[in-house]
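What the sequence shown shows, in UniProt numbering, is residues 1 to 711, in sequence order. Idealized CB from N, CA, C, for every residue including glycine.
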Amino acid sequence: MPKNSVPTDSAARRTAEPSADPAAPTRVGRIPVLDPSPVQPGELWPAKAYVGEVVPFAATAFREGHDLIGVELLLRRPGGAESRHPMREVSPGTDRWQVELVLDAPGAWSYVVRAYADDYATWRHNAAVKIAAGVDEELMLAAGAALLERAAAEPGRPASDQDLLQSAAADLLDTGVNVDVRLERGASGPVAALLTAQPPAGLESRTEPRTVRVERERAGVGSWYEFFPRSEGALRRPDGSWQSGTFRTAALRLDAVAAMGFDVLYLPPIHPIGESFRKGPNNTLQAGPHDPGSPWAIGSAAGGHDAVHPDLGTLEDFRAFTARAGELGIEVALDLALQASPDHPWVAEHPEWFTTLPDGSIAFAENPPKKYQDIYPINFDNDPSGIRAEVLRVVRHWIDQGIRIFRVDNPHTKPLALWEWLLGVVNAEHPDVVFLAEAFTRPAPLKALARVGFQQSYTYFAWRNTKSELEEFLGGLATDTADYLRPNLWVNTPDILTEYLQFGGPAAFAIRASIAATAAPSWGVYSGFELFESVARPGAEEAIDNEKYEYKPRDFAGAAAADRSLALYLGILNRIRAEHPALRQLRNIRFHSSEDDAVLVYSKHLAAAHSPDGREDAVIVVANLDPHSVRETTVHLDPELFGLSAGAAFQVENLVTGELWNWGEHNYVRLDAFTEPVHILAVRAQQAPADAAAPAPKARRAPRRPSQNGS
C-alpha cells in the first residue's frame, strides 16, 4: 500500500461507527471518491450494458486545498485481464470525472475508480506560476528534484525510466543553468510524458469493486416486428368458417419481414386456446362457432404452455419456422404469458395455483369493473415453489426448441420476486436469453422489473407526442435509467392504437416510426402499422376488429401496389440503423432547438474511437410532430454535440432522399407532413466557412406521399 494511503477495506468502511480510536476506519478515504457509476439505485443488482455499448464510467473525486489530483478507472474484463484508463474532469469545477469505454464482450465486468494525489502535476503548476513570478525559484526546483528522485526509486520502474528521472532531477539542481531551462527539463518533454502516464505514488483512495453485467448485443439492440401466425395464410371458407394459417404459411411472410430489415419477430402465444368463456370479435362475451379466441386464453385439452395450437401445426413445424427465420437473419421471440384459460391442464391438476372464491368458483382475471372471463390469473402465493418450478420447466422447454428471446406479458401483475428468481436462474444457465417486459404500468414497477433482470422494457413512448414530452422522455431514458433500463420503443401493439395514429393519417405513422427507429437502439412494429390501420373500436384505444379475437389476413402486396403501404419506408429506416452505429447507442441522444414547438431536433454521435468501423458517425433528426401541416422554421444546432468544432459549417446527406446540403449552426427547414415530415441527416464532412455561404441547390422532385417514402 502506498505511503499515507487509507485502508480500502470497503466492508470496514461501510460498517464503521464513530470511534475515539485515531486509527479507526472511516467511510470516506483520504481522497474522497463518491457516487461511482454505472450503478443501479441501491446497488442491489449490478448495472447492465450490452456488447458494443459505449458506457460512461464516472465518479466524483476531490481533495482539500488547491493541490491537484488524478483519477483513473481500473477495469477488469470477464477473463480477468485488467486495464487502466485515465479519467477527465467532465467540466472544470464540477469534480465529476469520466471516461467512456466500449464493453466488447459478454460477462461480468468489474471496475474500481482510483483517485490519487497528483504530486507531479501539482508541482508543475506551482513551479510554473512561481518561477514566472520570480518567487521561491530554487526552492521549487529543489522540491521538483526530490519528487523526481522519489519517483525513480519506486519499485517496478524500468531502469531506463529511473535513469531519465535521476538525470532530470540533477538538471533541476544545476545552478549553473538558467532557471527556465532547468524547469523545462523537469516539467516537460519525456519526463512529463512519463510521469503523466505513471504518476509518483502518493495519497490514494479507491472505491470498492462494482460489477457491470454485459449481455449480448440483442439485449439492447433490435428492430422488432410482430405478427399472429394464425392470420398469415388464413382463409375463409364459403360456410363462414376459417382455415387457420399455420407455421408453414406464416413462414412465407418471413421474406417480407426480412426485406423491411427487421431482425426480431415476436409471436403472440402459439399455444392451444381454451373453449370456455371464449371471447368473440371485439372482445364480445359470445363467441361464434368459428371464432378462434384470444391467444392469451392459454390452455385446452390439447395442452398448455408447453404445447403448440394444433391449427398451427406441430412442434416440428415450429422448429422449421424458426429455422427459416434464422436463415433470413431473424430471431423469433416467444410470448410468455403466465395465466390460464379455464380449460388449461393446470386447472385440473393444480387448482391450488388459482384463487378460489367463497362460492367455490375460481376467480377470473379482473381490472374492476372489467372482467376477463376467458382467463384465470395465477395466485403466486399458493404453492409458490411448485409454480416457480413449473414456470422454469416451461421456459427451459422453449429454450430447448431454440428460443432465446421471450416477451413477457403483463409482468407487473406478477410478484417481482418471481422474476428476480426466474431471470437469475435462466440467465445463469443461458446468458444469451433475453426477456422483454411488457410493462405498461406505473414508473416504480416498470423500473423495478428492469432492475431485477429484464433486458428490455416497453415504455410510455406511444403516449409521448409533443416536443417537450419527447425531449423529457427520451432524455430521461438516455440518462436517468440508462444503467439498467433498456427501452424498446413500440409504435403500436394489438392493444395500443393511440389517438395520434387514429387521427394523424399516413404522416403520423411515418413520424412515429422515424422517431422510434432513430431515438433508441430497439424499436417495434405490430403488423398492420405499415398499412396505416387507424380505425379504433369505439371507446377504446385499440384497433377495431382486433386481431386478438379473430383472424386478420392482410393484403400487403395489394396495398404496396396501390401505394398504400409504409413497408418501403420501414425498410429504409432499418437500413439507416444498420449503416449508422450511432443509432445503436442509447446514451448519446442530444437535443437541439428550433423556433417551432412542433419541430423536434436531436442528434446522435459516435466517436471514431468507439465506432466498430473506426469512423466518426453523426446523425441529425429533424421531425415535424404535426401530421396535418407544413412547418417552416429555423433549427439551431450545436455542432460540438455531434463531434465538430463550435461554429462549424458542414455537409449533410438526407438519408431518405440522398440529397446533399451545406449546413451550419442555423438552418432553415421546411417539413411538409404530406411529403417529407422528417429529415434524417448524416453529417458527411466539415466544410470551410466559405463553402456554407450559399446552400447547395435542393434537387427538384415530384411530391411523394408518406406511403411511398414516409416523408
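Rounded to the nearest angstrom, how far is the Cβ of Pro-272 from that of Gly-299, given a contact under 8 Å?
Gly-299 and Pro-272 do touch by the CB rule: their CB atoms are close to 6 Å apart, below 8 Å.
Secondary structure at Lys-467, three-state DSSP: helix, strand or coil?
In the structure shown, Lys-467 sits in a helix (DSSP, three-state: H, G or I).
Can you give me the C-alpha to C-alpha distance between Lys-371 and Pro-229, rounded to a whole angstrom?
C-alpha separation (whole angstroms): 27 Å.
For Thr-493, which option in Val-347, Asp-118, Thr-459, Leu-75 has the closest C-alpha, if you only look at C-alpha atoms?
If we check each option's Cα against that of Thr-493, Thr-459 comes out closest.
Alpha carbon of Asp-545 to alpha carbon of His-430, nearest angstrom:
For Asp-545 and His-430, the distance between alpha carbons rounds to 39 Å.
Below 7 Å CB to CB, which residues in the same chain sit around Tyr-120 once its five sequence neighbours on both sides are set aside?
Hits under 7 Å: Leu-147, Leu-195, Pro-199, Pro-200.
Distance check for Arg-512 and Gly-326, CA to CA, integer angstroms please.
Going from the Cα of Gly-326 to the Cα of Arg-512 covers about 28 Å.
Considering only the alpha carbon of each residue, which of Thr-60, Ala-333, Gly-42 lies closest to Val-28?
Comparing Cα positions, the closest option is Thr-60.
Assigned secondary structure, Asp-617 (DSSP; H/G/I helix, E/B strand, else coil)
For Asp-617, the secondary structure class from DSSP, reduced to helix, strand or coil, is strand.
Answer with buried or exposed for His-309, where buried requires no fewer than 16 other C-beta atoms within 10 angstroms of its C-beta.
It is buried - the Cβ of His-309 has at least 16 other Cβ atoms within 10 Å.
Who are the near neighbours of Ala-690 in its chain, counting only those whose CB is closer than 6 Å to its CB and skipping five residues on each side?
Confidence in Ala-690 is poor, its pLDDT being 47 and thus under 50, which makes the residue's placement unreliable; the coordinate value appears in the next sentence. Closer than 6 Å at the Cβ level, and outside the excluded window around Ala-690, lies no residue.
Is DSSP giving Pro-384 helix, strand or coil here?
Of the three classes helix, strand and coil, the one that applies to Pro-384 here is helix, per DSSP.
Run the CB neighbour count on Asp-335, radius 10 Å, all protein chains shown included, and call it buried at 16 or more, exposed below.
By the C-beta density criterion, Asp-335 is buried, having at least 16 other C-beta atoms within 10 angstroms.
Contact check, Val-621 vs Ser-603, beta carbons under 9 Å
Their beta carbons are under 9 Å apart, which means Val-621 touches Ser-603 by this criterion.
If you draw a straight line from the C-alpha of Gln-502 to the C-alpha of Phe-364, how long is it?
The alpha-carbon atoms of Gln-502 and Phe-364 are separated by roughly 31 Å.
Give the DSSP bridge partners of Gln-651, in chain order.
Beta-bridge pairing by DSSP links Gln-651 to Asn-662, Ala-685.
Ignoring anything shorter than 4 residues or poking outside the region 539-572, list the alpha helix (DSSP H) runs there in chain order.
Counting only runs of 4 or more, we get 556-561.
Buried or exposed for Ala-649, please, with buried defined as at least 16 other CB atoms from any protein chain shown within 10 angstroms of its CB.
Ala-649 should be labelled buried.
May I ask which residues mark the beginning and end of the alpha helix (DSSP H) holding Tyr-484?
In the DSSP assignment, Tyr-484 falls outside any alpha helix (DSSP H) and carries neither an H nor an E.
State buried or exposed for Asp-626, treating a residue as buried only when at least 16 other CB atoms are found within 10 Å of its CB.
Under this definition Asp-626 is a buried residue.
Can you tell me whether DSSP reads Ala-201 as helix, strand or coil?
Correct three-state label for Ala-201: coil.
Should Met-87 go down as buried or exposed, given a rule of 16 or more other Cβ atoms within 10 Å for buried?
By the 16-neighbour rule on beta-carbons within 10 angstroms, Met-87 is buried.
Continuous alpha helix (DSSP H) stretch holding residue 788: start and end:
Residue coverage of the chain in this structure runs from 1 to 711, which leaves residue 788 outside it and unanswerable.
Would Gly-505 and His-679 qualify as a contact pair, given that the criterion is a beta-carbon distance under 9 Å?
Their beta carbons are not under 9 Å apart, which means Gly-505 does not touch His-679 by this criterion.
Just the Cα atoms here: how many angstroms apart are Asp-263 and Tyr-225?
Distance between the alpha carbons of Asp-263 and Tyr-225: 8 Å.
Ala-143 to Gly-186, Cα distance in whole Å?
Computed Cα separation, rounded: 11 Å.
Test: His-605 CB closer than 9 Å to a CB of chain B
The structure shown contains no chain B; it holds only a single protein chain.
Tell me which residues share the same chain as Met-260 and place their Cβ nearer than 8 Å to its Cβ, disregarding the 5 neighbours each side in the sequence.
Hits under 8 Å: Tyr-225, Glu-530, Ala-567, Leu-570, Gly-571, Asn-574.
Give me, in chain order, the residues of the same chain whose beta-carbon lies closer than 7 Å to that of Ser-707; leave out the 5 immediate sequence neighbours on both sides.
Any reading at Ser-707 needs caution, since the residue's pLDDT is 40, under 50, leaving its predicted position unreliable; the model's value is listed next. Around Ser-707, the same chain offers Pro-506, Asp-563, Arg-564, Ser-565, Leu-566 as residues with beta carbons nearer than 7 Å, after the five sequence neighbours per side are excluded.
Would you check if the region 434-442 and the region 470-479 touch, i.e. whether three or more CB-CB distances between them fall below 8 Å?
No: the two stretches stay apart, fewer than three of their Cβ pairs being nearer than 8 Å.
Consult DSSP for residue 794 and reduce its assignment to one of helix, strand or coil.
Outside the modelled stretch of the chain, which goes from 1 to 711, sits residue 794, for which no answer is possible.
If Glu-100 and His-610 are in contact, beta carbons under 8 Å, what's the gap, nearest whole angstrom?
Taking the Cβ atoms as the reference, Glu-100 lies roughly 7 Å from His-610, within the contact range of under 8 Å.
Taking the straight line between their C-alpha atoms, what separation do you get for Leu-392 and Asp-306?
Rounded to the nearest angstrom, the two C-alpha atoms are 11 Å apart.
Alpha-carbon spacing of Ser-385 relative to Val-683, whole angstroms
Those two C-alpha atoms are separated by around 56 Å.
Using three-state DSSP, classify Phe-57 as helix, strand or coil.
Note: Phe-57 maps to strand in three-state DSSP.
If we call anything under 9 Å between Cβ atoms a contact, is Leu-586 one with Leu-671?
Taking 9 Å as the Cβ cut-off, Leu-586 and Leu-671 do not qualify as a contacting pair.
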